[in-house]
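Chains as they are written, first to last, in my numbering: chain A, 158 to 349; chain B, 158 to 349; chain C, 158 to 349; chain D, 158 to 349. Think of the CB as a built atom: it goes at the ideal place given N, C-alpha and C, for glycine as much as any other residue. Bear in mind the structure is a predicted one, so any value in this text is a computation, not a measurement.
Number of protein chains: 4
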Amino acid sequence: MRTKDESKIEALHQAVIDVINHDGYQNLSVAKIAKKAGVSVATLYIYYSDKKDMLGKVYLKIKDLIDAKLFNEFDPQGPFEQQFKRLLRNYADAICTYPEKAAVMRVFNSNPNLVAEDVYSQSMDLGKPVADLYRHGLEEKLIRQYEPEIFISFTFNAIDSLAQIRFMQGKTLTKDEVDQLIEMAWAACKQN
Amino acid sequence: MRTKDESKIEALHQAVIDVINHDGYQNLSVAKIAKKAGVSVATLYIYYSDKKDMLGKVYLKIKDLIDAKLFNEFDPQGPFEQQFKRLLRNYADAICTYPEKAAVMRVFNSNPNLVAEDVYSQSMDLGKPVADLYRHGLEEKLIRQYEPEIFISFTFNAIDSLAQIRFMQGKTLTKDEVDQLIEMAWAACKQN
Amino acid sequence: MRTKDESKIEALHQAVIDVINHDGYQNLSVAKIAKKAGVSVATLYIYYSDKKDMLGKVYLKIKDLIDAKLFNEFDPQGPFEQQFKRLLRNYADAICTYPEKAAVMRVFNSNPNLVAEDVYSQSMDLGKPVADLYRHGLEEKLIRQYEPEIFISFTFNAIDSLAQIRFMQGKTLTKDEVDQLIEMAWAACKQN
Amino acid sequence: MRTKDESKIEALHQAVIDVINHDGYQNLSVAKIAKKAGVSVATLYIYYSDKKDMLGKVYLKIKDLIDAKLFNEFDPQGPFEQQFKRLLRNYADAICTYPEKAAVMRVFNSNPNLVAEDVYSQSMDLGKPVADLYRHGLEEKLIRQYEPEIFISFTFNAIDSLAQIRFMQGKTLTKDEVDQLIEMAWAACKQN
DNA sequence: GATGAATGAGCATTCATTCAT
DNA sequence: TATGAATGAATGCTCATTCAT
């Protein structure tokens, strides 16, 4: 029965993503999700304790998917600028690869009370490697001596911001736009 | 006859803002708004044709409030960099002056279907002067030759992004942070 | 101020008739009536104690209008068959002259709880002359020795019944149909 | 899983009938129906998509019940007058057997917008056998050469009309009245 | 007399969740 | 495991009626 289970969970997760992107998350009812996933509402409650629990798990799964791409070809020993840009490029790649999932993640990020507090982590929380990189850049005076959140705003959030606009227009970031975003992010953050 | 009670409209608007910031907008019910405003639900429907209409009007009022600050001491004839920074400073000032309202505007901006399409304008739409400034900078080759949305991401949206984080932490942008945001925005956008 | 009053009452009465025929009487709200009449809801309550009172008065007015036509050229001394047919012809004339009003009367007749009990009188209650005629016919053995309601069914109600069907089809009774109805009514009622 | 509770549907149908006859159909609210049926409002929406759907199904069920009686001992080859009277007697029997249901059907028939258009058929539409009989009588010159609706008025509708009056008086048609109604209907319709 | 403002109670419908099988 | 049946509480909205001017 293991495979059966997994396929149902998968279907439910995808349904959440579809419904949010299709109807907006304020129309996100368990009935709609279950219907779209082709399972009964009661079945949904076998896998998840409640709606919040389910959304939290979807969120986490999406986050893992994107984080998984984040450190592709990432060399913690390489030169700082290269690492910095590598990270952002990977992030841009990730949200271009999974545009609907990225859109859902943005929804979760700007609506913290959709999921339980403990499951939710700020958009800042891109994990230890990012924090390490930031600290490294700070110590070596390669980036401005500002708070980490301000960097997030000009890096990941700036990319997200454009991606969101493009997603609303039914597009994804172009290769050129990614290059431009990275250039501007670097220009914004680097210490002169 | 009874005279129109302007204070009720004010109370309703404030209630919308409070409820969105306290309970999140997915718990934004007409009943809750009316209760918080101290009026009956039926009364609400005297002033607004429906929920969407009400939210639209709240949105517009907030937008006007912020836009009103935007062109304070703004000199369209002044040097470009100064104008650029003036605009962003004014924007930062505005959202620091009305932090709850700015938070609400962010919610509306990322949830377009909360309000009628005609009332809604993209976060990009900061009005003609901004568009003029962008075009001017482009023509004079003072800023990068990129699409306007990408600039929005590194200017208004970057500021918004940090403001949102601070708001969630129960803070507002500090004077220093505003300075830093403006510096970074300019570094990101300017043509080298 | 007398004329002003009358015109408002007239407008309200007409509005009731229009709304019932247009939207059906289950969508008959005082707000809709007042709007259509061009007066405020509160004004309506100056003229009538409540909705039921108003509808009752409209009903009575319509009834009077139709009853007024009923005894046109009616000769209580004339031969029975002629009187019988005269009455029905007058009735048919009346509901052809005021088709919307007749339609409204039918609604009231089949929904007794729309108006107060005291104002409401059974469709049978066409007044004393009709009762007299019935008694006369009975005594002279010119009509069947049945209960009065059964005659109503084959006379006024039969005419109403066809008129209603025609009204729903957007038509009124034709001259021929009226003749046929009267012939059949007489054939049904007369004693052989 | 829980099994479908047929008794609930039955209770709901009966509740509709009761409420219409006791409170009139303009006070026919879903809440009242559910309460009277002893089920929750939400349960009602498991069985019916909406109020209109429910009323439509009640209507259809009642219609079927009455129609089922209509062709009892009906012999399409028998003499015309006998068939004519048989049909009316069956109809009278039906509405005497189910007086509350017949009353409800009358309400539905005179308020077409209570149910969906497709479910609704005019009171005339008593099915093909009635139409056949009418055509037969017409061709053989056994009945007057009039439109079908006019016959309906002097047959089914006349019976209905008296039945309605009696129902309002808390009675049903007596055996004698049925005989009288049929005699009069035949007298009205037959060709001399 | 006239009316815009105001409301409690009610409307049809949907919600997230649990039950019984 | 799986699900149709069931529901109390909530949803957005409208009602007939009254108030204050």
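- DSSP places residue 347(A) within a strand segment (E or B) once states are collapsed to three.
- The continuous alpha helix (DSSP H) containing residue 294(C) extends over residues 285–296.
- Under DSSP, residue 300(B) takes part in a beta bridge, and its partners are 347(B).
- Taking the CA atoms as reference points, residue 298(A) sits about 14 Å from residue 241(A).
- The Cβ atoms of residue 222(B) and residue 193(B) do not sit closer than 8 Å to each other.
- By the neighbour-count criterion, in which 16 or more other beta carbons inside 10 Å mark a residue as buried, residue 305(B) falls on the exposed side.
- About 6 Å separates the CB atoms of residue 219(A) and residue 261(A); that is less than 8 Å, so the two are in contact.
- When DSSP states are grouped into helix, strand and coil, residue 202(C) belongs to the helix group.
- In terms of beta-carbon proximity, residue 303(D) lines the interface with chain C, with at least one pair separated by less than 8 Å.
- For the pair of segments examined, the segment 334–347 of chain D was found not to touch the segment 177–193 of chain D: the number of CB pairs separated by less than 8 Å stays below three.
- Under the 10 Å beta carbon count, residue 318(D) is surrounded by 16 or more other beta carbons and is classified as buried.
- If you draw a straight line from the Cα of residue 232(B) to the Cα of residue 341(A), it comes to about 26 Å.
- Rounded to the nearest whole angstrom, the C-alpha separation of residue 243(C) and residue 346(D) is 21 Å.
- Residue range 256–267 is occupied by the alpha helix (DSSP H) that includes residue 257(C).
- By the C-beta criterion, the segment 205–220 of chain C is judged to be in contact with the segment 168–175 of chain C, since at least 3 inter-stretch pairs fall below 8 Å.
- DSSP assignment within the segment 203–256 of chain C yields the following whole alpha helix (DSSP H) runs of 4 residues or more, N-terminal first: 208–227, 237–254.
- By the Cβ neighbour-count rule, residue 198(D) is exposed, with fewer than 16 other Cβ atoms within 10 Å of its own.
- Sequence-ordered contacts of the segment 211–236 of chain D with chain C are nonexistent [C-beta pairs closer than 7 Å].
- Ranking 164(B), 187(B), 266(B) by CA distance to the CA of residue 206(B) puts 187(B) first.
- Taken atom to atom, the span from the alpha-carbon of residue 295(D) to that of residue 246(D) is near 21 Å.
- Rounded to whole angstroms, residue 271(D) and residue 273(C) show a C-alpha spacing of 24 Å.
- Interface flag for residue 339(C) against chain D is unset, since no Cβ pair is found closer than 8 Å.
- In the three-state scheme derived from DSSP, where H, G and I count as helix and E and B as strand, residue 159(B) is classed as coil.
- One finds nothing in chain C with a Cβ atom closer than 7 Å to the Cβ of residue 172(D); even the nearest lies about 18 Å away.
- Going by beta carbons, residue 238(B) and residue 343(B) fall inside the 8 Å limit.
- Excluding five sequence positions before and after residue 254(C), the CB atoms of its chain that fall closer than 8 Å to its own CB belong to 226, given in chain order.
- Where residue 317(B) is concerned, the enclosing alpha helix (DSSP H) starts and stops at 313–325.
- Put simply, the backbone Cα of residue 284(C) is about 17 Å away from that of residue 234(C).
- Contact of residue 319(B) with chain A by beta-carbon distance below 7 Å involves 306, 307, 310.
- The beta-carbon of residue 181(B) is placed less than 8 Å from the nearest beta-carbon of chain A.
- For the segment 262–278 of chain A, the set of residues with a beta-carbon nearer than 9 Å to any beta-carbon of chain B comprises 263, 264, 267, 268, 269, 270, 271, in chain order.
- Exclusion of the five residues before and after residue 301(B) leaves 348 as the residues of its chain whose Cβ lies within less than 6 Å of its Cβ.
- The CB of residue 334(A) comes closer than 7 Å to the CB of 307 in chain B, given here in chain order.
- In this structure, residue 311(B) keeps its C-beta atom at 8 Å or more from the C-beta atom of residue 249(A).
- Listed by position along chain C, the residues whose Cβ is nearer than 8 Å to that of residue 314(D) are 314, 315, 318.
- Below the 7 Å Cβ cutoff, chain B contributes 344, 345 as neighbours of residue 344(A), in chain order.
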